[in-house]
Amino acid sequence: MQDALHIPVALDRCIALLSPAIEARSNPVIVDATLGMGGHTKALLLKFPNLKIIALDRDLSAIAIATTNLSELSSRVEIIHAVYDELDEVLSKLGITEVDGILFDLGVSSMQLDQADRGFAYSQDAPLDMRMDQSSGPSALDILNTYSYGELVRVIRNYGEEKFATKIADNIIKARESGTLKTTKDLAELVKNSIPAPARRTGGNPAKRTFQALRIEVNQELAVLERAIPKAIRAIRIGGRLVVMSYQSLEDKIVKRAFTDVIGSNSPLGLPFDLPNSAASYKLIISGSEGASDSEIEVNARAQSMRLRALERVAA
Ligand SMILES: C[S@@+](CC[C@H](N)C(=O)[O-])C[C@H]1O[C@@H](n2cnc3c(N)ncnc32)[C@H](O)[C@@H]1O
136 MQDALHIPVA LDRCIALLSP AIEARSNPVI VDATLGMGGH TKALLLKFPN LKIIALDRDL
196 SAIAIATTNL SELSSRVEII HAVYDELDEV LSKLGITEVD GILFDLGVSS MQLDQADRGF
256 AYSQDAPLDM RMDQSSGPSA LDILNTYSYG ELVRVIRNYG EEKFATKIAD NIIKARESGT
316 LKTTKDLAEL VKNSIPAPAR RTGGNPAKRT FQALRIEVNQ ELAVLERAIP KAIRAIRIGG
376 RLVVMSYQSL EDKIVKRAFT DVIGSNSPLG LPFDLPNSAA SYKLIISGSE GASDSEIEVN
436 ARAQSMRLRA LERVAA
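Heads up: take any position in the sequence shown, counting from 1, add 135, and you land on my numbering.
Set out below in structure tokens:
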């Protein structure tokens with residue numbers, strides 16, 4: 136049932152981008168850094184009968200669902216509970232030095248949003264948890280109860296790009312003192328009441344930005360991504376490909392910067408000419424970024440904010 140509810144984003148495009156790297160090898164191995172319910176992994180395994188996939192997810196319930204969804208393909212997929220910035224350690228434990236491709240489909244899954252008790256959705260009342268890995272780390276409520284006013288402003292402003300961060304933080308401190316902030320509904324109501332009425336009428340639900348900010352902070356999403364992308368870039372072999380889908384601009388900026396860093400020449404900065412053998416080791420396979428097609432967005436609202444970037448290693 137979970138499978139039917141979930142449509143993998145840009146599935147055909149991801150397969151097409153990874154295909155040349157997979158087809159060039161007799162025993163290809165790729166990493167799905169964000170297994171989720173296994174939609175992309177399953178389609179790739181079915182398309183390429185010789186492919187093996189190492190699949191990571193930090194969420195134990197995603198792993199349980201994907202393990203069931205992939206049971207018939209289990210001999211070709213190694214499912215590992217890990218945060219994707221542990222990619223290098225995961226590969227070295229498996230004795231693998233380089234892979235043919237890596238796929239990142241960032242953010243939360245529709246399953247995580249649909250499980251009301253996880254606290255990701257402002258539309259459903261639940262405890263303020265928001266941890267992708269419920270086995271470790273502080274919850275959103277821990278953050279709301281312990282961060283200083285200044286730290287709350289920083290999180291809500293930087294990660295939610297929220298104009299009214301100071302008012303929201305102020306009201307969080309007051310609600311904390313009166314013990315009235317416990318659930319997602321309490322927080323959604325608090326945010327609504329912190330925003331002037333005219334601003335509430337535009338830009339969708341006003342709680343969206345604060346929920347995004349807290350989720351990023353709880354899961355340290357941006358810091359983890361900043362560490363992970365350079366590791367993924369280093370882990371692909373010559374001819375290997377890295378494909379990343381992000382769903383908000385802060386993530387996409389990190390991916391763009393990491394890609395830009397490696398596609399330039401290897402000559403030291405400031406030299407007016409390129410040194411011999413200093414051509415870049417990586418090239419973009421998509422110039423800039425791509426979004427989903429209108430027809431995909433029509434059937435899968437989640438695809439609307441997606442930005443896709445892809446890179447190939449062309450030299451050592
Ligand atoms: C958008 S879903 C992936 C959906 C998947 N491509 C599919 O077709 O089913 C993102 C998944 O990545 C996981 N995830 C997010 N951040 C992660 C991280 N830093 N390390 C490992 N997994 C992460 C989430 O738990 C979630 O299951």
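The C-beta atom is built at its ideal place from N, Cα and C for all residues, glycine as well.
Taking only the alpha-carbon atoms, compute the straight-line gap between residue i and residue j and give it to the nearest angstrom.
i, j, result
"aspartate 147", "serine 210", "24 Å"
"aspartate 240", "glutamate 425", "14 Å"
"glycine 174", "asparagine 204", "9 Å"
"alanine 97", "glutamate 221", "Past the boundaries of the shown model lies residue 97; the chain is included only from 136 to 451, so the question cannot be answered."
"glutamate 158", "proline 184", "11 Å"
"leucine 238", "lysine 309", "43 Å"
"glutamate 386", "serine 440", "12 Å"
"alanine 139", "lysine 366", "A caution first: alanine 139 carries a pLDDT of 44, below 50, which makes its placement in the model unreliable, though a value can still be read off. Rounded to whole angstroms, alanine 139 to lysine 366 spans 33 Å at the Cα level."
"leucine 279", "aspartate 252", "18 Å"
"lysine 388", "lysine 228", "31 Å"
"methionine 136", "isoleucine 398", "With a pLDDT of 38 at methionine 136, under the threshold of 50, the modelled position of that residue is not reliable, and the figure given next carries that caveat. Cα to Cα, the separation comes out at about 42 Å."
"leucine 181", "isoleucine 188", "11 Å"
"alanine 197", "glutamate 213", "14 Å"
"glutamate 361", "threonine 337", "32 Å"
"alanine 334", "leucine 191", "40 Å"
"isoleucine 371", "methionine 246", "30 Å"
"lysine 320", "serine 244", "21 Å"
"threonine 169", "arginine 442", "16 Å"
"valine 234", "valine 166", "7 Å"
"alanine 201", "proline 273", "25 Å"
"glutamine 250", "glutamate 224", "30 Å"
"alanine 427", "glutamate 312", "45 Å"
"valine 379", "tyrosine 282", "32 Å"
"isoleucine 364", "glutamate 433", "30 Å"
How should residue i be labelled, buried or exposed, when 16 other C-beta atoms within 10 angstroms of its C-beta is the threshold for buried?
i, result
"glycine 230", "exposed"
"glutamate 286", "exposed"
"proline 163", "buried"
"serine 161", "exposed"
"tyrosine 417", "buried"
"glycine 339", "exposed"
"arginine 448", "buried"
"arginine 392", "exposed"
"aspartate 429", "exposed"
"tyrosine 284", "exposed"
"glutamate 431", "buried"
"glycine 314", "exposed"
"serine 271", "exposed"
"alanine 438", "buried"
With DSSP as the reference, please indicate the residues paired to residue i in a beta bridge.
i, result
"alanine 445", "Val378"
"isoleucine 237", "Val166 and Leu377"
"threonine 318", "Pro262"
"glutamate 213", "Ile189"
"isoleucine 371", "Val234"
"lysine 418", "Glu447"
"glutamate 425", "Leu443"
Could you work out which residue in the options is closest to residue i when comparing CA atoms only?
i, options, result
"serine 422", "Gln439, Asp429 and Ala445", "Ala445"
"arginine 292", "Lys320, Leu276, Gln347 and Ser245", "Gln347"
"leucine 276", "Ile351, Leu248 and Thr318", "Thr318"
"glutamate 324", "Ile307, Thr337 and Glu312", "Ile307"
"alanine 415", "Phe299, Ser428, Glu297 and Thr395", "Thr395"
"glutamate 207", "Thr176, Asn435, Met246 and Val359", "Thr176"
"cysteine 149", "Leu186, His216 and Gly236", "Gly236"
"alanine 451", "Val434, Ile368 and Arg442", "Ile368"
"lysine 420", "Ser270, Ala145 and Leu152", "Checking the sequence, you will find isoleucine at residue 420 rather than lysine. Minimum Cα distance to isoleucine 420 is reached at Leu152."
"arginine 350", "Ala363, Arg289 and Gly242", "Gly242"
"valine 79", "Ser381, Gln250 and Met267", "The displayed coordinates of the chain run from 136 to 451. Any statement about residue 79 would go beyond what the structure contains."
"serine 384", "Tyr282, Val353, Leu322 and Gly295", "Gly295"
"asparagine 354", "Pro143, Gln269, Met380 and Glu224", "Gln269"
| said: I'd like to know if the region 364-380 and the region 323-333 are in contact, where contact means that at least 3 CB-CB pairs between them fall below 8 Å. | reply: no
| Does the count of Cβ pairs from the region 262-272 and the region 295-307 closer than 8 Å reach three? | no
| request: Take every Cβ of the region 335-353, pair it with every Cβ of the region 243-260, and state whether three or more of those distances are shorter than 8 Å. | output: yes
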